[in-house]
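Under numbering that gives the first Met the number 0, the sequence shown has 304 at position 305, and the numbering climbs by one with no breaks.
Just so it is clear, CB atoms sit at the ideal spot from N, CA and C, and this is done for glycine as well.
See below for the structure under consideration.
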Amino acid sequence: MNPVRTESQFRARSLEAKPDPESLTTYAMEFSPEVAVAQAKVAMTEAALITARQRINPSVSGDGGYNRTPDSVSTYSVSPAFTIETAGKRGYRILEAEKLAEASRIAVYETAWQVRSRVRAALVNYWAARRRLALLQSESDVRVEIAGIYEKRVALGAASNPEWNAARADQAALAVSLRNAQGEVAQAMAAIAAAAGLPVTALDGKELDLSTFDNAGAPASLPLLAVQKAGLLHRADIRRSLIEYESEEARLRLVLANQYPNITLSPSYAFQEGFPAYTLGAALTSLPMLHRNQGPIAEQEAARRESEARFVALQAKVVGDTELARGQYAAAVTEWNMAKEMVTLQVQREAAVQAAFRAGENDRLDVALARLAILAAQRVQADVLTRAQTALGLLEDAVQSPLAPGFPAPRPGTTN
């Protein structure tokens with residue numbers, strides 16, 4: 000392994016002209032180091048399965064020499080030995096290894112889903128930061144206009160300096176908020192690059208298509224019911240935990256089978272004093288005279304109980320996380336719909352103020368203040384929509400299944 004070369008390869012990674020959430024997610028899964036580690040674990044467990052299937056190799060011993068009789072007759076013997084495993088030990092060993100290999104393959108999907116979740120969260124944060132920046136820039140334009148209006152009024156004696164100073168103070172405070180928002184956008188972009196396994200330079204000048212976050216579907220429109228009908232086995236960690244319990248069960252059967260001795264057969268051939276001799280030896284290994292493997296059996300029974308407890312605890316946590324995320328999403332969508340109505344009302348009010356201005360019934364300050372009210376309502380709407388998208392991500396994580404378009408699930412056979 001060459002660290003310099005791997006770093007150069009990382010920095011050389013690039014993206015298409017206009018990446019979207021789907022392409023970024025696919026890229027992240029393909030080049031994720033965590034997925035690569037999980038796949039390496041699969042190779043290890045599959046190699047362990049080869050080991051489990053192996054039978055015990057035979058052994059052979061022999062000796063030779065001669066006796067010091069006048070005839071000088073040579074003597075020699077050959078004794079091979081074959082071990083026969085009893086009580087189905089080899090079958091249990093293979094079953095345990097098969098379950099561990101299956102669990103490791105499921106873990107690849109589980110890891111890939113975690114990568115997907117990080118990419119989605121990073122994109123939601125970037126989308127929210129960019130939207131906040133756009134609203135602040137629009138507000139800055141209005142604040143500049145308001146400060147200019149007060150400046151002219153002070154010059155004409157129609158307003159006081161304190162009013163002008165207050166407008167300029169609002170303008171200065173907004174400038175600080177703008178700088179902070181610009182920094183948040185840059186940080187969010189760096190977070191996307193890190194989650195996708197890309198250098199930040201790969202995203203320079205790229206316009207991300209994040210329109211998938213501009214709306215939140217009604218909770219009833221999500222395919223959540225179909226997912227729940229399939230049970231919790233949609234989650235990779237639930238399936239992996241269940242398979243790991245089965246491997247512990249197979250291991251317990253193997254430990255129980257180890258109470259019974261293996262049989263070793265050792266046929267031999269000896270040539271002594273000019274005459275051949277054939278014998279068949281037999282031996283029982285590890286006779287259960289001093290103990291019947293109670294210690295390892297007790298340990299494995301405890302390990303199986305622990306595995307069962309972990310599964311039940313995980314199952315309960317998943318149910319709780321699903322219900323919590325569903326409630327959060329439903330509440331956020333309700334707030335978002337209310338916020339949209341508030342924006343609509345402010346737009347209608349601003350239209351009325353514009354009409355009154357054209358009729359000479361008010362002035363530009365009233366129009367500017369009405370525009371500020373629209374921007375304030377839009378900020379509330381954006382904040383609530385961000386919460387809804389975050390809650391939707393948590394709900395997808397709880398069931399480990401996509402509930403909205405734009406973000407694919409990891410492929411079952413995710414590979415590098």
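Annotation note: the region 333-392 contains no uninterrupted beta strand (DSSP E) run of length 3 or greater. In terms of Cα proximity to residue 43, the closest of 88, 96, 84 is 96. In this structure, residue 146 keeps its C-beta atom at 8 Å or more from the C-beta atom of residue 117.
In the displayed model, residue 85 falls within coil according to three-state DSSP, outside both helix and strand.
Only exposed fits residue 278, as fewer than 16 other CB atoms lie within 10 angstroms of its CB. Judged by DSSP in its simplified three-state form, residue 38 adopts helix. Between residue 25 and residue 407, the C-beta gap is smaller than 8 Å, which places the two residues in contact. Closest by C-alpha distance to residue 269, out of 22, 32, 76, is 76. In the DSSP assignment, the residues bridged to residue 65 are 73. With contacts defined as CB atoms closer than 8 Å, residue 254 and residue 191 fail to qualify as a contacting pair. Listed in chain order, the non-local C-beta contacts of residue 283 below 8 Å within the same chain comprise 260, 261, 262, 263, local neighbours out to five positions each way being set aside. The C-beta distance from residue 352 to residue 369 rounds to 4 Å, short enough to meet the 8 Å contact threshold. In the structure shown, residue 147 adopts helical secondary structure according to DSSP, grouped into three states. In this structure, the straight-line span from the alpha carbon of residue 20 to that of residue 214 is close to 15 Å. Taking the Cα positions, residue 238 is about 47 Å away from residue 176. Less than 8 Å separates the beta-carbon of residue 196 from that of residue 31. The beta carbon of residue 226 sits closer than 6 Å to those of 233, 398, 400, all from its chain and outside the five residues before and after it, given in chain order. Secondary-structure assignment with DSSP links residue 314 through no beta bridge to anything. Between the region 244-254 and the region 305-323, the count of Cβ pairs shorter than 8 Å is three or higher; the stretches touch. Residue 348 is positioned such that its CB atom lies no closer than 8 Å to that of residue 356. Assigned with DSSP and collapsed to three states, residue 294 falls in helix. With contacts defined as CB atoms closer than 8 Å, residue 271 and residue 85 fail to qualify as a contacting pair. Residues 60, 265, 267 of the same chain have their beta carbon placed closer than 6 Å to that of residue 78, with the five preceding and five following residues left out of the count.
For residue 170, the enclosing alpha helix (DSSP H) covers residues 160-195. Annotation for residue 253: the continuous alpha helix (DSSP H) segment containing it runs 235-256.
In terms of Cα proximity to residue 322, the closest of 187, 404, 391 is 391. Between residue 132 and residue 184 a beta carbon distance of about 6 Å is seen, short of the 8 Å cut, so the two are scored as contacting. When the alpha-carbon of residue 315 is set against those of 341, 151, 231, the nearest one is in 231. A buried status is given to residue 124, since no fewer than 16 other beta-carbon atoms sit within 10 Å of its beta-carbon.
For residue 206, the closest of 188, 217, 220 by C-alpha to C-alpha distance is 188. The region 380-390 and the region 149-158 do not touch, with fewer than three beta-carbon pairs separated by less than 8 Å. For residue 265, the enclosing beta strand (DSSP E) covers residues 262-271.
The residue among 127, 222, 281 with its C-alpha nearest the C-alpha of residue 182 is 127. Beta-bridge pairing by DSSP links residue 275 to 270. For residue 157, the secondary structure class from DSSP, reduced to helix, strand or coil, is coil.
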